[in-house]
Each structure stands twice: as C-alpha cells, then as structure tokens.
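Engineer: Keeping their order, the protein sequence lines are chains A and B.
For the first sequence, the numbering used here assigns the number 1 to the initial residue and increments by one for each residue that follows.
For the second sequence, the numbering used here assigns the number 1001 to the initial residue and increments by one for each residue that follows.
A single structure is presented below for examination.
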Amino acid sequence: SQQGEEDPQALSIQEGENATMNCSYKTSINNLQWYRQNSGRGLVHLILIRSNEREKHSGRLRVTLDTSKKSSSLLITASRAADTASYFCATDRVLGGGGADGLTFGKGTHLIIQP
Amino acid sequence: NAGVTQTPKFQVLKTGQSMTLQCAQDMNHEYMSWYRQDPGMGLRLIHYSVGAGITDQGEVPNGYNVSRSTTEDFPLRLLSAAPSQTSVYFCASSLVRGGGNTIYFGEGSWLTVV
C-alpha cells in the first residue's frame, strides 16, 4: 500500500515560474526523499530530509517537512524546460525494535514546464 | 563508475516463457532491490536483498524469483511470464537498507508479455 502520495498528479506551468508539489504520508517516518524521473529513464535522487529537519535546500530546490501534518513539499524555483519530469516522494516507516525499513514510493507528480 | 546497469533494455515475451533481467552495480552496495512501475501505480517493490546470500520478498513478489550470489549482481527471473507482468522494471541499490540512504536506479527494462 502507498505510504506517500503526491499532489497534484499533474502540474503545468510556464518557464520561469515556481513549481510546488506536495507529499502526504500516513505513518511516522524516519526520512523522506524526493526523486526525479525523466521520461524513459530511471529515478534520480534529489534531496533527503530527516524527520528532525524542517527545511532543506539544494540549488533551486527547497524541501519542507511537517511531521505534525505528515506532509512535505518540494518547491522548484525559476523553473526551466529541463525540469519537465515526474517527481516522487519516498518515505520509510518507523519500525519497532529499531530495524531499518525500505523506502516506499508515491505515484508521482508529472510536471510540465511550458517554454 | 557505471552505477547500476540493467539488461536488456527492451524485451518481448510470449505468455509462459521465462527470462532473466540482469542487474549489476559497481558501488559495493549491500542493499539491492527490484521494482516494477505501472501507470497510475507508482513503484512497487518486488524483491530485495540486504547482502550476498540474503533475499526477501517485497510488496508484489508472485511470479518472480531472485538470487544474490555476489555483492554486485542481483538478477530477477520471471518463471512463467503472464500479460500482467508487462511493465517497466527497475533495479536499484544503496549502501544499506533504510530511508537514510540515497537509492541509485538503473535505466529500466521495458517488458511486454503477449
């Protein structure tokens, strides 16, 4: 079953605008990651945020995490045509006994940047 | 450093045939996994391995077998292909299991079962 779900499913914006996509999850997590997938390619890691962090930046990417609302957002500023891709959030659950859980991926947000 | 290498890129099978998707990584990662990606379903975990000689089932293991005889290789076998196994398959690896690690994905294998 899906742990994380992205919203919206699809997003189309003009080049230069900011793109925001959200991820909600159901159970407590240790970590949340965002990945990008270009058409016909594998997923590429973008950013990892731990449960005790609230915000992280990487270049034009800004990720926030609100554990009280069980949600995260990915902001891409000054979008470019090359940002056209699907974006996935992935979470791991907190396991009893301290074991390490694998990542569960959402269904993705398909982002289209119009030139 | 090639990362994660998957072969073949494309394959068409007839129902009932068997085949093996190959996966190799050169990063000395302990954790390897196979996902399938279907429209509207996201990525679903098929099988995974936390080290050589150790494998376990994921969310959708039926119809698939894996083995991990070396750290580098993690092949996925389709025992008797069915149309429901038409999908895109991704092999992935990370240093260890857990969400605190970056996962590296292969480029995918497109499988069609007719």
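All residues carry an ideal CB built from backbone N, CA and C; glycine is no exception.
All values reported here derive from a predicted model rather than from experimental measurement.
State the DSSP-derived secondary structure class of S1 of chain A, mapped to helix, strand or coil.
Structural biologist: The predicted model places S1 of chain A with a pLDDT of 47, which falls under 50 and marks its position as unreliable, so this point remains unresolved.
Engineer: What would DSSP say about I112 of chain A, mapped onto helix, strand or coil?
Structural biologist: strand
Engineer: Verify whether the separation of the beta carbon atoms of G1099 of chain B and L103 of chain A is less than 9 Å.
Structural biologist: yes
Engineer: When DSSP builds the beta bridges, which residues end up paired with S1018 of chain B?
Structural biologist: The partner list for S1018 of chain B (beta bridge, DSSP) is empty, contrary to what the question assumes.
Engineer: Could you tell me the distance, in whole angstroms, from the CA atom of V1066 of chain B to the CA atom of T1055 of chain B?
Structural biologist: 7 Å
Engineer: Note the first and the last residue of the continuous beta strand (DSSP E) segment covering Q960 of chain B.
Structural biologist: Residue 960 of chain B cannot be examined here, being either before or after the span of chain B that is shown, 1001 to 1114.
Engineer: Reducing DSSP to helix, strand and coil, say where D66 of chain A ends up.
Structural biologist: The answer is strand: DSSP assigns D66 of chain A an E or B state.
Engineer: Which residue wins for smallest C-alpha separation from P1083 of chain B, given the options B:V1012, B:P1008, B:G1003 and B:Q1025?
Structural biologist: B:V1012
Engineer: Smallest Cα separation from W34 of chain A: which of A:I112, A:H45 and A:A19?
Structural biologist: Cα-wise, what sits closest to W34 of chain A is A:H45.
Engineer: Between which two residues does the beta strand (DSSP E) carrying A90 of chain A extend?
Structural biologist: A85 to R93
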